[in-house]
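Enquirer: Got a structure for you, written out below as structure tokens; questions coming shortly.
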Amino acid sequence: MFSVALILLLTAGSCVYSIDLIQPDSLVVQPGQSLTITCQVSGYSLTDSSYGTGWIRQGEGKALEWILMMWSGGSLDHNNALKNRFSCSRDTSARTVTLTGQNLQPEDTAVYYCAR
């Protein structure tokens, strides 16, 4: 009985892993300027077909707003209202996903999050 319990415990321990998405604490951009935010990922592959990495934002007192999603094959899905101003790129070897925004306006003031 003891040996069976030990094997189960060792097997369960091998299933635990951590997924981290790390981005800068804060950035300040003036109206009309561009924005670049890079997210470093670990715990999964950017090319794993099971996952995509996206960007969302939340302005003060507002609901979360989806910006875009980059899928494992590199294709993008955009929020149509933001498609002309926000784009995304990735570097699979560096494990980074970068959001770029153009011609930012005061209404773009928000906390931006990368998400899996």
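According to mature numbering (1 follows the signal peptide of the UniProt record, and there is no 0), the residues represented by the sequence shown are -18 to -1, 1 to 98, in order. Ideal Cβ placement from N, Cα and C applies to all residues, glycine included.
1. Quick test of the definition: if touching needs 3 or more C-beta pairs under 8 Å, does the stretch 77 to 93 touch the stretch 7 to 26?
2. Note down the Cα distance separating L50 from Q12, rounded to an integer number of angstroms.
3. Could you check how far apart the C-beta atoms of A92 and Q40 are, in whole angstroms? I think they sit under 8 Å.
4. Determine the closest residue to D7 out of Q22, E89 and W48, with distance taken between C-alpha atoms.
5. Exposed or buried, what is Q5 when buried is set at 16 or more other beta-carbons lying within 10 Å of its beta-carbon?
6. Using a 10 Å radius around the Cβ and a threshold of 16 neighbouring Cβ atoms, would you call G34 buried or exposed?
7. Mind pulling the beta strand (DSSP E) runs of 3 or more residues that sit fully within the stretch 37 to 86?
8. Over what stretch of residues does the beta strand (DSSP E) that includes I4 continue unbroken?
Expert: In short:
1. Taking a cut-off of 8 Å for Cβ pairs, the stretch 77 to 93 and the stretch 7 to 26 touch, as three or more such pairs fall below it.
2. So the two alpha carbons sit approximately 22 Å from each other.
3. The pair is a contact, with the Cβ atoms about 6 Å apart (cut-off 8 Å).
4. When each option's Cα is compared against that of D7, the closest is Q22.
5. Within a 10 Å sphere around the beta-carbon of Q5 sit 16 or more other beta-carbons, which makes this residue buried.
6. So G34 ends up on the buried side.
7. Counting only runs of 3 or more, we get 46 to 53, 58 to 60, 68 to 73 and 78 to 83.
8. That run of the beta strand (DSSP E) goes D2 to I4.
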